[in-house]
Structure formats: structure tokens, C-alpha cells
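Below is one structure, written out as C-alpha cells; comments come after it.
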């Protein structure tokens, strides 16, 4: 057998009977590797989803910060007379295609 085939040892003395029996069932049907692989892929996909949610939150926070800074700049421009109150118009945000 190759080194990769013998790379891991599972200590079963700390498993509950229910978990041990489930593993034994997969091992006897020679599908234990596939089962473990599917669990790991599910975990990886979950962490990818969590990472995207964190990135989306950071993007939202940055956009909120930019919006607040822009509002401050507009207010400053009005109070300093840089832009007359009558000539100052609120721009529509650009539309992002889906």
C-alpha cells in the first residue's frame, strides 16, 4: 500500500457506540474514505460560505463608511459656500447590473 493509503489512524476507543457502529458500517462496505471525504468537503464548503458572509459584511461596512464620509463632505461644501444650496443636487447612485 502507498504511504497515502496509510496516512491516518482513527482512535476508536473514545467514540460512542453509535459513532463507532456508523464508522464500522462504512468501513465494512469499503466506503469509509468516501464518507470522510464528503464530510470534509461539506466543511470546506461551509467555511467558504462563512468567509463570503464576512467579506459581504466588510463590504457593507465600507460602503456605509464611504456614504457617511460623502455626506460629511457635502455638508462641508454647503457650509463653506463651495457649492450653493440651490445648485447642490443629490446624485442618484449608479445601478449595478445583476
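Residue numbers (the working numbering): 2 to 99.
In this text, a Cβ means the ideal position worked out from N, Cα and C, and glycines have one as well.
Small disclaimer: the values here were computed from a predicted structure and weren't measured.
Using three-state DSSP, classify residue i as helix, strand or coil.
i          : result
residue 14 : coil
residue 47 : helix
residue 60 : helix
residue 31 : coil
residue 81 : coil
residue 20 : helix
Could you work out which residue in the options is closest to residue i when comparing CA atoms only?
i          : options       : result
residue 10 : 17, 76 and 33 : 33
residue 40 : 13, 15 and 24 : 24
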